[in-house]
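Asks: In the numbering used here, the protein residues as written are 198 to 754. Where a beta carbon is used, it is the ideal one built from N, C-alpha and C, also for glycine. Quick caveat: nothing in here was measured; it's all calculated off a predicted structure.
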């Protein structure tokens, strides 16, 4: 048996120094110069966006890392070490990416998203041409191959699609946009960014062709191709997730308010959030607040015998938001899980129109949360014109007229009565997530062997017993996943209270953990304290998830 693997024998390497090596060395020198100048500029700044010297020094060191990597790449290339090629390839690729981002910034692409969206909205009629073109092409694909009608439909679809796209771009202002972009080339920096893109792209391409010179094996080729495919996600993760995550961790130990250099306060933010005390209200304490120490606010009171115990907290909103968040999760789990399981069982049977029902139930899961919340707020939850109250009125009137009952028709204040606020949020969230959970349960049901049901039928088990002793045990892994994801989403609930109750001060009954840290950060301008709240919420989610995994592992052991 032979294995087709590229030989890594040094005798097969081309002799001489290829042109790509000095080109790569020059590009690495450029990287060293740019990286060093950028790092030096950061270190010399008098103020670094009101983030403090620690962040300034950290970013300066990060900016200098490409210079270190480029110097190492030059040394390894001169030694003909394959790692020098991979390091140079990565640096050239990153140089091309960041030069492209800078060029798009110069063109004004990032600040022009609103204008692009407005242009598309004002010319929606041409987008329907694209829909029609796709429909014709899709129909042609369902016809018999080689038929004249199929070819005509494909040509008509392509023609309509191209014409619609041209009209959409033309009437959307592409000529004005192109003129604006070309006008940017009056500046030297635009030409410099464009030249860097071309140079780094050429250098990266030449390095890709140097596999034989460095004795590249098949495994090494597969490795760099895999990293290349992952690079967009990795770059996005580092810039938009890992970077802000590290910054928020640092800010959680400061008193940052965003407009002045923060001071390091250690664990004060965490201590403030977790500070809680229990006091007994004395005879001289007229109000429960009088029994608490200075800086504490009444969180809850309860009586034990003839004494009143007062629970106080430095940040009562933190504990209120945690209580609301856990209550939201407890209400959400059954409403988002049980209906999803029942729908999955029904749709797993061979009923007419099953695909239509699946799509209909799944649709809320992919719809925009903000749009859904606005619909629920205006069309469903309105106490005067909402459809829910209207339905209750019609049912009450029917029962009173038909049965002679005297049920009172009350207009429920779904968004104004504190007794119904939490349920309003949970009901909307459950309605949206049921479809997604249904698909998960449906996938689990279709993975259960039919032999189990056939054996149960032979033993005389009815449908209920089959569901209890076969379906539910076999769905344990799926149920565990559904419950875990539902809890995690519930602990991060934000959109529902933010949209449903926006417009006035948020009531305490709907202040969830994420909403609370948002208000602390962007309303009270306490970035340091809100960062600490975010990390505590992360710790809670991590602990809850870890406990669930441990419980599930013990049950399946």
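Between residue 470 and residue 726, is the Cβ-Cβ spacing less than 9 Å?
Replies: Result yes, Cβ atoms of residue 470 and residue 726 sit closer than 9 Å.
Asks: Cα-Cα, which of 369, 746, 696 and 717 is closest to residue 685?
Replies: It is 746 whose Cα lies nearest to the Cα of residue 685.
Asks: Let me know the secondary structure DSSP gives residue 633 once reduced to three states.
Replies: Three-state result, residue 633: helix.
Asks: May I have the straight-line CA-CA distance separating residue 420 from residue 672, to the nearest angstrom?
Replies: Cα to Cα, the separation comes out at about 37 Å.
Asks: Quick one: what does DSSP say residue 675 is sitting in, helix, strand or coil?
Replies: Of the three classes helix, strand and coil, the one that applies to residue 675 here is helix, per DSSP.
Asks: Which of the three DSSP states, helix, strand or coil, is assigned to residue 552?
Replies: In the structure shown, residue 552 sits in a helix (DSSP, three-state: H, G or I).
Asks: Under the DSSP definition of a beta bridge, which residues are partnered with residue 313?
Replies: Its beta-bridge partners do not exist; DSSP assigns none.
Asks: Which residues bound the beta strand (DSSP E) around residue 501?
Replies: 494-501 is the span of the beta strand (DSSP E), which, as asked, contains residue 501.
Asks: Check the DSSP bridge columns for residue 509 and list the partner residues they point to.
Replies: Answer by DSSP bridge pairing, in chain order: 474 and 495.
Asks: Applying the 10 Å Cβ sphere with the 16-neighbour rule, what's the burial state of residue 344?
Replies: Looking at its Cβ environment, which holds fewer than 16 other Cβ atoms inside 10 Å, residue 344 is exposed.
Asks: So, for residue 407: in the same chain, excluding its five sequence neighbours on each side, which residues have a beta-carbon less than 7 Å away from its beta-carbon?
Replies: 215, 217 and 282, listed in sequence order.
Asks: Once DSSP output is grouped into helix, strand and coil, what is the label at residue 504?
Replies: Looking at residue 504 - three-state DSSP - the assignment turns out to be strand.
Asks: From the DSSP secondary-structure annotation, give me the bridge partner or partners of residue 451.
Replies: Note: residue 451 sits in a beta bridge opposite 461.
Asks: Out of 650, 552, 692 and 485, state which residue places its alpha-carbon closest to the alpha-carbon of residue 574.
Replies: Here the closest residue by C-alpha is 692.
Asks: If we define contact as Cβ-Cβ less than 9 Å, is residue 583 a contact residue for chain B?
Replies: Among the protein chains of the structure shown there is no chain B, as only one such chain exists.
Asks: Span of the alpha helix (DSSP H) holding residue 393?
Replies: Segment 385-405, the alpha helix (DSSP H) holding residue 393.
Asks: Between the alpha carbons of residue 139 and residue 494, how many angstroms are there, rounded?
Replies: Nothing in the structure corresponds to residue 139, since the chain is present only between 198 and 754.
Asks: Suppose contacts are defined by Cβ-Cβ distances below 9 Å. Is residue 445 in contact with residue 731 by that definition?
Replies: For residue 445 and residue 731, yes; Cβs fall inside 9 Å.
Asks: For residue 558, count neighbouring C-beta atoms within 10 Å of its own C-beta (all shown protein chains included) and say buried if the count is 16 or more, exposed if not.
Replies: Buried: at least 16 other Cβ atoms inside 10 Å.
Asks: I believe residue 262 touches residue 253 by the beta-carbon criterion, under 8 Å. Please report the beta-carbon distance rounded to the nearest angstrom.
Replies: Not really, about 16 Å apart at Cβ, beyond 8 Å.
Asks: Out of 320, 728, 695 and 750, which one is the CA nearest neighbour of residue 678?
Replies: With distances taken between Cα atoms, residue 678 lies closest to 750.
Asks: Is residue 530 closer than 9 Å to residue 705 when the C-beta atoms are compared?
Replies: Not a contact, by the Cβ cut-off of 9 Å.
Asks: For residue 524, which residues of its own chain have a beta-carbon under 8 Å away from its beta-carbon, when the five flanking residues on both sides are left out?
Replies: For residue 524, where only same-chain residues beyond five positions count, the Cβ hits under 8 Å are 619.
Asks: Could you pull out every residue in the same chain whose Cβ sits closer than 7 Å to the Cβ of residue 586, ignoring the five residues on either side in sequence?
Replies: Same-chain partners within the cutoff: 580, 608 and 609.
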